[in-house]
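Just so you know, the sequence shown maps onto residues -21 to -1, 1 to 349 in mature numbering (1 follows the signal peptide of the UniProt record, and there is no 0).
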Amino acid sequence: MRTLPALTIALLAAFVHRCCLRMADPFGDVAGLPIDEARAALFTGGPNGSAFPAALVGVFESNRRLRGATLLFTEEVVGSECVGVAPNGDLLMLDRNGFVFRATPQQRKGGALAYELSKERHYVGPGRPLGFHVAGEWLYVCCSLKGLLRLHLGSGAIELLSGATGSPPSPLAYANDLDLDTSGAVYFSSSSDHPVALHPLAGFYDTMRGYLLTSLHGGTTGRLLRYDPASRRTAVLLEGISYANGVALSADGAWVAVVETNLNRVLRFWLRDADCRGGGGGGGGGACPRAGDTDVLIDKLPGIPDGISRAPDGGFWLALVAPLSPLPRHLAAWPRLRTLLSHLLPWVAPFAVGSWGAVVKLDERGRPVE
């Protein structure tokens, strides 16, 4: 009788294997890619990656400060990736279906501002809006389906700025986050060349599934891009990123930060030569960075990083959205197993990940301060 469980497991494994061989590959026309040892070493638990378990000590010591935050519009606005602030102080949010919500500040109640949602709403069209930024009367949006677009906050007119780049054109399959400089140029990320698909049950474009498939596939197709409003062209500044995510310019416009989510770090791309007099510039003790160079702003983070925003003092706020996991490192050497899991994990992961989050304050040179 002891052989019955083993036989059942063997039959189940054979059934799953046969079904997965017949199923369409979630990655398209290729299976999971090999991951070399150098990149695997940067994963959580690797010799050059974040420690596991996470060392939540010093600046990263756990606290309950976020527990005191006031939750706004949890029922009315579902899935807004960030918050924009209009020139008049109104808050702007974009839900996961593409509707723009405006919240107007009201009189103070108990020492805190109250906000009231406007009944008038704009719509940016089908897709999944992620990062966005207000600049004057325009709302610039990264839509994971359409690319980079902008919405006029008065008329509601929509303009697609960039849906592809290069020659021949390479589609922006997963536009994620952006920032603007004083000239109006837009710096934005494309997380992956794996397109975001419509959730078969919930009816919205599921970026979580896209993220998981990108991670299991093992590709490094994330890019940092710049849209030039004068030429209306999009240029690739940096590629080969393991899931490019949040984007933020430095206060002086000398460099732009882009979050590399799957390696738990933030990269820095230099837009002009660094001023290294007096120990400035890169701060790593090496050669002074020049325009076009890339270095690491911060790495070995104690959580999975997502968005980054510049603070008024020139530093940055960095969001950590999930606890670290050693699973990517353990799966790195097994592309066939990752291909098998690609059929299962996107359905299981949303239920397995609990509620966890943190915000890290960085100074203007990327050093964690709180």
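For every residue, glycine included, the Cβ atom is placed at its ideal position computed from N, Cα and C. These numbers come from a predicted model, not from an experiment.
query	result
Cα-Cα, which of Ala301, Ala311, Arg308, Val226 is closest to Ala328?	Ala301
In the DSSP assignment, what are the bridge partners of Asp274?	Arg247
For the 8 Å Cβ check, are there 3 or more pairs between the region 279 to 298 and the region 15 to 34?	yes
State the start and end residues of the unbroken beta strand (DSSP E) segment that holds Ser141.	137 to 141
If you count every other CB in all the chains shown that lies within 10 Å of the CB of Phe330, and 16 or more means buried, which is it?	exposed
Roughly how many angstroms separate the alpha carbons of Pro150 and Ala93, rounded to a whole number?	42 Å
I want to know whether the region 319 to 328 touches the region 96 to 114 - three or more CB-CB distances under 8 Å.	no
Can you check DSSP and say which residues form a bridge with Asp254?	None; Asp254 has no bridge partner.
Could you please give the first and the last residue of the uninterrupted alpha helix (DSSP H) stretch that includes Tyr190?	186 to 196
When DSSP labels each residue in this structure, what does Gly37 get in the three-state scheme?	helix
In whole angstroms, give me the CA-to-CA distance for Val237 and Leu203.	7 Å
Quick one: Cα of Arg44 to Cα of Ala209, how far?	44 Å
Counting pairs of Cβ atoms below 8 Å between the region 153 to 167 and the region 122 to 138, do you hit three or more?	yes
Nearest-angstrom Cα distance between Gly63 and Arg315?	42 Å
Is Leu(-1) helix, strand or coil when you go by DSSP?	Any reading at Leu(-1) needs caution, since the residue's pLDDT is 47, under 50, leaving its predicted position unreliable; the model's value is listed next. Three-state result, Leu(-1): helix.
Using the C-alpha atoms, what's the distance from Glu138 back to Arg107?	16 Å
In angstroms with no decimal places, state the Cα-to-Cα distance between Met(-21) and Ile14.	Confidence at Met(-21) is low in this model, with a pLDDT of 45, below 50, so its placement is unreliable and no value can be given for it.
In angstroms with no decimal places, state the Cα-to-Cα distance between Leu(-1) and Pro179.	Confidence at Leu(-1) is low in this model, with a pLDDT of 47, below 50, so the placement of that residue is unreliable and no value is reported for it.
Can you check whether the CB of Val120 is closer than 8 Å to the CB of Leu73?	yes
Should the region 301 to 313 be called in touch with the region 286 to 293, which here means at least 3 C-beta pairs below 8 Å?	no
In whole angstroms, what is the alpha-carbon distance linking Arg346 and Ser229?	13 Å
Pull up the CB-CB distance for Gly219 and Thr199, whole angstroms please, since I reckon it's below 8 Å.	5 Å
Is Ala17 buried or exposed, if buried means 16 or more other CB atoms sit within 10 Å of its CB?	exposed
Would Tyr222 pass as a contact of Ser170 if the rule is Cβ separation under 8 Å?	yes
What residue from His322, Pro147, Asp342, Ser168 has the CA that sits closest to Gly11's CA?	His322
Over the uninterrupted alpha helix (DSSP H) stretch that includes Trp117, give me the two end residues.	Taken as a continuous stretch (DSSP letters only), Trp117 belongs to no alpha helix (DSSP H), being part of the beta strand (DSSP E) at 117 to 122.
Taking Phe22 as the reference, which of Phe39, Ser194, Asp185 has the closest Cα?	Ser194
Give the secondary structure of Phe78 by DSSP, where H, G and I count as helix, E and B as strand, and everything else as coil.	strand
Within 10 angstroms of its Cβ, does residue 385 collect 16 or more other Cβ (buried), or is it exposed?	Because the chain spans -21 through 349 in this model, residue 385 falls outside it and cannot be assessed.
List the residues that DSSP assigns as beta-bridge partners of Gly201.	Ile220
Where does Leu320 fall in DSSP's three states?	helix
Closer than 8 Å, CB to CB, is Ala82 near chain B or not?	Chain labels in this structure do not include chain B; a single protein chain is all it has.
Whole angstroms are fine: how far does the CA of Pro26 sit from the CA of Arg256?	33 Å
Quick one: what does DSSP say Glu99 is sitting in, helix, strand or coil?	coil
Measuring CA to CA, which of Leu310, Asn67, Gly77 is closest to Val113?	Asn67
Roughly how many angstroms separate the alpha carbons of Gln86 and Ser97, rounded to a whole number?	16 Å
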